[in-house]
Structures are given as structure tokens and as C-alpha cells.
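Student: Provided herewith is a single structure, encoded as C-alpha cells, for subsequent inquiry.
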Amino acid sequence: MARDRTDEPEDAVLREVWRDVLRRDPHQQFFHSDVRGVLRSIGPVLVEHPEYVEVVGRLCEPERVIVFRIPWTDDAGRVRVHRGFRVQFNSALGPYKGGLRFAPSVDLDIIKFLGFEQVFKNALTGQDIGGAKGGADVDPKALSSGELMRFCQSFATELACHVGAAVDVPAGDMGVGSREIGWIYGQYQRLIGYHEPGAFTGKPAVLGGSALRPEATGYGVVYFTRRMLAEQDRDLDGARVVVSGSGNVALFAMDKVVASGGTVVGCSDSRGSISEPDGVDVELLREVKGQGGSVADYAEKRSGASTADGSPFTQECDVALPCATQNELGADEARALVQNGCRVVAEGANGPVTPEAREILRDGGVAFGPGKAANSGGVAVSALEMQQNAGRERWSAQDVDERLSVIMSDAYDRVRDAAERYHGDGADLENGANAAGFLRVAEAMTSLGVV
Ligand code: NDP
Ligand code: 2IT
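For what it's worth, our numbering labels the leading residue of the sequence shown as 28, then goes sequentially.
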């Protein structure tokens, strides 16, 4: 896709930016695909705001890319080495902010793609945070708890001189939860020699982690989905929902679907998918996953559940929430969703729906909520955690939930309004998210001058 000349932007400036992106890193397909989507959306914004044309080239080049070695010793005494990353993409709106991913598939392409997404996502939250992403090419599930702690400490030792409450504030992502953030923060604090809880978010509550940060992404996706359904005069009450994944985002999204009167009829993990028309028992699933089990292990305990080899999205549903990983919902799944009468697809994960699948959904009349808006609840509550840490405050779960709900609703309005303004009535939310995110970042970059 990336090298197809017919895919080039028509506008001369955007075309030059696109060619530079391809030339600099010819193999970064995830990053290319994301940049291309944004360039496609912002043309009409640049017609209204020609003063923002000059920021586009700078916006597509990360401010700083940090790649480092992570040496550590395993339980057998063997020295192991992994590669760590932090891409500090854009700091125009505030300190760099974004998660850390531990997964074998992590490489510079994935981290740049996630960092670029984060710039727009963070802008859409309305909070003053720049965009970044990081991680390491490690499989945390293959490590003992002691090994993982030592790994996190080695990772933090390298990262320490690049982060800080006013510089760059990492959080969790796939394979990194509050336990790992606690270990990373512990090593960071030891190195700097004083307390700086605002340097990391998603910490355990006892270290200053915000109430509802673990739940925030999953709850936020459902709040966003409710606004999408309301646009169609529908709601979640009685809706059949497929949620892929069964990690942090997926499980809390399932909780909120059930609390909203919906039924989770299917889910998945890295080892397979299940279907359960009468509704997944989310607490039991959480328990099984917490013990290292799979969705298939869960299904064995439930008479109404069955396992399937392929994707969870080929079964009948009204709403689909891909909450596992990138590129998990392709053309075949999109066709099945259209055929089965699905009304809304909202991305809990980053980039789970392929560009081809998005087109099929659009043509099939299925509303699509892009991740940079729909899953922004996690980073939004991270920003609330930074605020609490800075003020030495602790807000109640109810207080945070009310703020989250308002932030998601405002993000929806921002995206909807930009879609209509720049791409016409009925325009899809992806164009709106790119346009609205760009407007905020471009204004900040222009105000700062050429830096
Ligand atoms: P977790 O590591 O907690 O969970 C990931 C889930 O996805 C697991 O159930 C995992 O399976 C499953 N999975 C991984 N790879 C595949 C695959 N190839 N096919 C099917 N299932 C797979 O991560 P999170 O829930 O935190 O993150 C999920 C997504 O949400 C990611 O895209 C992340 O970037 C995004 N996100 C996360 C945020 C957060 O706050 N955590 C915020 C915004 C977005 P298994 O259980 O077998 O390991
Ligand atoms: O993709 C994401 O938005 C996250 N992993 C959360 C980032 C954060 O800083 O809370």
C-alpha cells in the first residue's frame, strides 16, 4: 500500500510530506498507514486554515526517538537482552504522555504508529498533554514474577533520564498494568532520590494511582459507544455485544456493557474465541484469566458457551468492540458484521480495524468509532491522575467517573462537529477525529513558533 503512487495526496505540500515519510522509513507500514489516514482527513482543514500547512511536515516527524538495550538476568542466571523504545512524538500541548507496551511484536514501526495516534488522541481529550509511546520486545507472560520485576527495573534504569512529571509521563498498555508501573516507578524513584509520583500514571492506588484508572479505557469506550448509538436512536439496553480480547480494556468494557443492560455474546484472547448467546459471566472470565487460563478454559466451565477457531466478529451482534490488538478486524470480519446487521463498531484497542475493513463498514452503513477518540478514556484519566498527584489530592471513583463521562461526551461532540464541518453531513467520525485532533495540535505548534 505504502508505495502506491495513486494513493498519494493531491495537495502538493501533503504529497511532499508523504514522500518524506516513505523515504525516511520505507519499512514502517503501520506508521505509514496511520499517517496516510490523517493526511486524507486534514485537506479541508488546511483550506480553512492555510496557516497550519507548514506544521504538517513537523507533525509527522517525532521530536525524539529513544532506542535502548535492556540487559537483565533470568532465574537460571542467564544474561538476557531485549530492546526498549520511547518515541516522544509531540510536546506542543504538554508533557509527552502515553503508554508502555511489553509484547514480542513491539518494534519501532509499532511504537511510532502508536505514538502518532497518541498525539491526536490526547488532543481530543481536551487535556494539556503531548503524545508518546514506548515499550519493549518482551513477552511478559513467559517471565516469572521475579524476572519481570528485574526486567522492569532494567527498563526503568535506561528510561529514567528521559522522563519526569513535566517531561514525559508513561503509563501502561498491553502487557503493562499497575504492578509493572509500580516496579518501574520504584526503580525511577530510587535513581532520582525523591518522590515524583506524577512521573508515571496507572500506578497502584497506594502509590498515588487514580481511582478508576484501570477501568477508564473500557468504561470510556462504552460511554463513547452509547453516544454513537444515541445518534441512531438506539441504546445498549438489550443489545448483543461482541468484545474481543479479555485483558484490561476488554474486561472493563464488558462490565460496563452489562451494567448498561447489554449482553456480551462473545469474546476472545490470543489463544481463541468463544460464543455465549446468553451472556458471558464477566466475573468468572476475569477469575479464569487472572489464573493464567484462556477463554477456552472459561468456556469449559459454562454449558452455554462454545469455542470457535477464528475471529469473534463472525457471530451475530448489534455492537462490536475490538479491544485486543491492531489489525484484528479485517475485511472478512467487516463483511460478516455488515451481513449480520451490526450497527456500531468502536475501537477499544489501537488500530484493530484495518483500513480495508473500515471502508467495508462505511459502505455497509455501520457507524465506526476510531480508537483515537473511542479509547481516549484511559489517557484522559491518566491526565486526571497527574492533576491529583500535582495537587496531592485523591478523588473518589464517583468523581473520576463523572469527569470521564463528560470527557468522553465532549470528545464525541468535538469529533462529530469536526466531521460535519470539514467533511459534510453524515461524515464518518474518523475524519472528524483526525481533523479535530489536528486543529488543536496545529494551533499549539503554530503558537510556539518553529521549534
Ligand atoms: P492487555 O495486555 O491487558 O490485554 C490484551 C488482550 O488482547 C489479552 O486478552 C490478549 O490475550 C489479547 N490479545 C493479544 N494479542 C491478540 C491476538 N493477536 N489476537 C487476539 N487477542 C489478542 O492489554 P490492554 O487491554 O491494556 O490493551 C488492549 C488494547 O487496548 C491495545 O491495543 C492497547 O494499545 C489499547 N489501549 C489500552 C489502553 C489502556 O489503558 N490499557 C488505553 C487505550 C488503548 P491473552 O489474554 O491471551 O494474552
Ligand atoms: O493507548 C493508550 O491511550 C494508553 N495505553 C494509555 C496511555 C496513558 O498514558 O494512560
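Built from N, CA and C at the ideal position, the CB exists for glycine as well.
Helix, strand or coil: how does DSSP classify residue 334 here?
Tutor: What you label residue 334 is simply residue 307 of the sequence shown in a count that begins at 1. Of the three classes helix, strand and coil, the one that applies to residue 334 here is strand, per DSSP.
Student: Whole alpha helix (DSSP H) runs in the segment 186 to 273 with 4 or more residues, listed along the chain?
Tutor: Entirely contained in the segment 186 to 273, the alpha helix (DSSP H) runs reaching 4 residues are, in chain order, 205 to 219 and 240 to 258.
Student: Should residue 188 go down as buried or exposed, given a rule of 16 or more other Cβ atoms within 10 Å for buried?
Tutor: For the purposes of this step, residue 188 is identified with residue 161 of the sequence shown, where counting begins at 1. Residue 188 should be labelled exposed.
Student: How do the segment 232 to 251 and the segment 415 to 433 stand: do at least 3 beta-carbon pairs fall below 8 Å, yes or no?
Tutor: Output reads yes: the segment 415 to 433 touches the segment 232 to 251.
Student: In the DSSP assignment, the beta strand (DSSP E) including residue 117 goes from what residue to what residue?
Tutor: Taking the sequence shown and counting its residues from 1, the one referred to as residue 117 is at position 90. That run of the beta strand (DSSP E) goes 106 to 117.
Student: Flag residue 353 as yes when its Cβ comes closer than 8 Å to any non-hydrogen atom of ligand 1, and as no otherwise.
Tutor: Here residue 353 refers to the residue found at position 326 when the sequence shown is read from its first residue. For ligand 1, at least one heavy atom lies less than 8 Å from the Cβ of residue 353.
Student: Mind checking who residue 349 pairs with in its DSSP beta bridge?
Tutor: Counted from its first residue, the sequence shown places residue 349 at position 322. Beta-bridge pairing links residue 349 to 271.
Student: Any heavy atom of ligand 3 inside 8 Å of the beta-carbon of residue 200?
Tutor: Among the ligands in the structure shown, ligand 3 does not appear; only ligand 1 and ligand 2 can be found there.
Student: Of all the options 88, 74 and 256, which has the alpha carbon lying nearest to the alpha carbon of residue 48?
Tutor: Position 21 of the sequence shown, counting from 1, holds the residue named residue 48. When each option's Cα is compared against that of residue 48, the closest is 88.
Student: May I have the straight-line CA-CA distance separating residue 475 from residue 119, to the nearest angstrom?
Tutor: Working through the sequence shown from its first residue, we reach residue 475 at position 448. Working through the sequence shown from its first residue, we reach residue 119 at position 92. In a straight line, the C-alpha of residue 475 is about 8 Å away from that of residue 119.
Student: Tell me the rounded alpha-carbon separation between residue 465 and residue 152.
Tutor: Indexing the sequence shown from 1 puts residue 465 at position 438. Indexing the sequence shown from 1 puts residue 152 at position 125. Their backbone Cα atoms lie some 13 Å apart in a straight line.
Student: Please report the Cβ distance between residue 364 and residue 268, rounded to the nearest whole angstrom; I am assuming they are in contact, meaning their Cβ atoms lie under 8 Å.
Tutor: In the sequence shown, residue 364 corresponds to position 337, counting from 1. In the sequence shown, residue 268 corresponds to position 241, counting from 1. With a Cβ gap of about 12 Å, residue 364 and residue 268 do not count as contacting.
Student: Taking DSSP's pairing of strands, which residues face residue 91 in a bridge?
Tutor: As a first step, residue 91 must be located in the sequence shown, where it is residue number 64. 115, per the DSSP bridge assignment.
Student: Taking the CB atoms as reference points, tell me whether residue 303 and residue 337 lie closer together than 9 Å.
Tutor: Along the sequence shown, one-based indexing puts residue 303 at 276. Along the sequence shown, one-based indexing puts residue 337 at 310. Their beta carbons are not under 9 Å apart, which means residue 303 does not touch residue 337 by this criterion.
Student: Give the DSSP-derived three-state secondary structure of residue 40 in the structure shown.
Tutor: Here residue 40 corresponds to residue number 13 of the sequence shown, with the count starting at 1. Three-state result, residue 40: helix.
Student: In chain order, what residues of the same chain lie with their CB nearer than 6 Å to the CB of residue 30, ignoring the 5 residues before and after it?
Tutor: Here residue 30 refers to the residue found at position 3 when the sequence shown is read from its first residue. Because residue 30 sits at a pLDDT of 48, beneath the cut-off of 50, its placement in the model cannot be relied upon, and the point is left open.
Student: Would you kindly work out how many angstroms separate the C-alpha atoms of residue 440 and residue 177, rounded to a whole number?
Tutor: Residue 440 sits at position 413 when you count from the first residue of the sequence shown. Residue 177 sits at position 150 when you count from the first residue of the sequence shown. Cα to Cα, residue 440 sits roughly 44 Å from residue 177.
Student: Taking DSSP as the reference, what is the three-state secondary structure of residue 300?
Tutor: Taking the sequence shown and counting its residues from 1, the one referred to as residue 300 is at position 273. In this structure, residue 300 counts as strand in the three-state DSSP scheme.
Student: Could you tell me the alpha carbon to alpha carbon distance between residue 166 and residue 343, rounded to whole angstroms?
Tutor: Position 139 of the sequence shown, counted from the first residue, corresponds to residue 166. Position 316 of the sequence shown, counted from the first residue, corresponds to residue 343. When rounded, the distance between both Cα atoms is 33 Å.
Student: Beta-carbon within less than 8 Å of residue 301's beta-carbon, same chain only, minus the 5 sequence neighbours each way: which residues are those?
Tutor: Working through the sequence shown from its first residue, we reach residue 301 at position 274. The answer, listed in chain order, is 293, 294, 295, 307, 322, 323, 325, 326, 332, 333, 334, 335 and 339.
Student: Between 101, 376, 457 and 359, which has its C-alpha nearest residue 171's C-alpha?
Tutor: Here the question's residue 171 lines up with position 144 in the sequence shown. Out of 101, 376, 457 and 359, 101 has the C-alpha closest to the C-alpha of residue 171.
Student: Any beta-carbon of chain C closer than 9 Å to the one on residue 420?
Tutor: Within the model displayed, chain C is absent; a lone protein chain is all it includes.
Student: Is residue 406 near ligand 1 - that is, is its Cβ less than 8 Å away from at least one heavy atom of it?
Tutor: The residue labelled residue 406 in the question sits at position 379 within the sequence shown. At least one heavy atom of ligand 1 is nearer than 8 Å to the Cβ of residue 406, so yes.
Student: Check whether the Cβ atoms of residue 351 and residue 248 lie closer than 9 Å to each other.
Tutor: In the sequence shown, counting from the first residue as 1, residue 351 sits at position 324. In the sequence shown, counting from the first residue as 1, residue 248 sits at position 221. No, the Cβ-Cβ distance between residue 351 and residue 248 is not below 9 Å.
Student: Opposite residue 295 in the DSSP bridges: which residues?
Tutor: Sequence index remark: in the sequence shown, residue 295 carries index 268 (1-based). According to DSSP, residue 295 bridges with 300.
Student: For residue 63, name the three-state secondary structure that DSSP assigns.
Tutor: On the sequence shown, residue 63 is found 36 positions in, with the first residue counted as 1. If DSSP states are grouped into helix, strand and coil, residue 63 belongs with the helices.
Student: Hey, residue 122 and residue 40: beta-carbon distance below 9 Å or not?
Tutor: Here residue 122 is taken as the residue at index 95 of the sequence shown, counted from 1. Here residue 40 is taken as the residue at index 13 of the sequence shown, counted from 1. No, the pair does not count as a contact, with Cβ atoms beyond the cut-off.
Student: With respect to the beta strand (DSSP E) encompassing residue 380, which residues constitute its N-terminal and C-terminal limits?
Tutor: Along the sequence shown, one-based indexing puts residue 380 at 353. Neither: residue 380 is in no beta strand (DSSP E) and is coded neither H nor E.
Student: Taking residue 174 as the reference, which of 109, 379, 259 and 141 has the closest Cα?
Tutor: Start at 1 with the first residue of the sequence shown, and residue 174 comes out as number 147. Measuring from the Cα of residue 174, the nearest candidate turns out to be 109.
Student: How many angstroms separate the CA atom of residue 272 from the CA atom of residue 313?
Tutor: Indexing the sequence shown from 1 puts residue 272 at position 245. Indexing the sequence shown from 1 puts residue 313 at position 286. So the two alpha carbons sit approximately 12 Å from each other.
Student: What are the residues that DSSP puts in a beta bridge with residue 129?
Tutor: As a working mapping, residue 129 is identified with position 102 in the sequence shown. DSSP, once it has assigned bridges, lists 163 as partnering residue 129.
Student: Per DSSP, which one or two residues make a beta bridge with residue 99?
Tutor: Translated into the one-based positions of the sequence shown, residue 99 becomes position 72. Residue 99 pairs with 107.
Student: Quick check on DSSP: helix, strand or coil for residue 462?
Tutor: The count along the sequence shown starts at 1 and reaches residue 462 at position 435. Helix.
Student: Check for me: the beta strand (DSSP E) holding residue 396 runs from which residue to which?
Tutor: Taking the sequence shown and counting its residues from 1, one reaches residue 396 at position 369. Per DSSP, residue 396 belongs to the beta strand (DSSP E) from 394 to 396.
Student: Under 8 Å Cβ to Cβ from residue 184, same chain only, skipping five residues before and after it: list those, please.
Tutor: The residue given as residue 184 occupies position 157 in the sequence shown. For residue 184, where only same-chain residues beyond five positions count, the Cβ hits under 8 Å are 214 and 218.
Student: Give me the residue from 373, 137, 144 and 420 with the minimum Cα distance to residue 124.
Tutor: Here residue 124 refers to the residue found at position 97 when the sequence shown is read from its first residue. When each option's Cα is compared against that of residue 124, the closest is 144.
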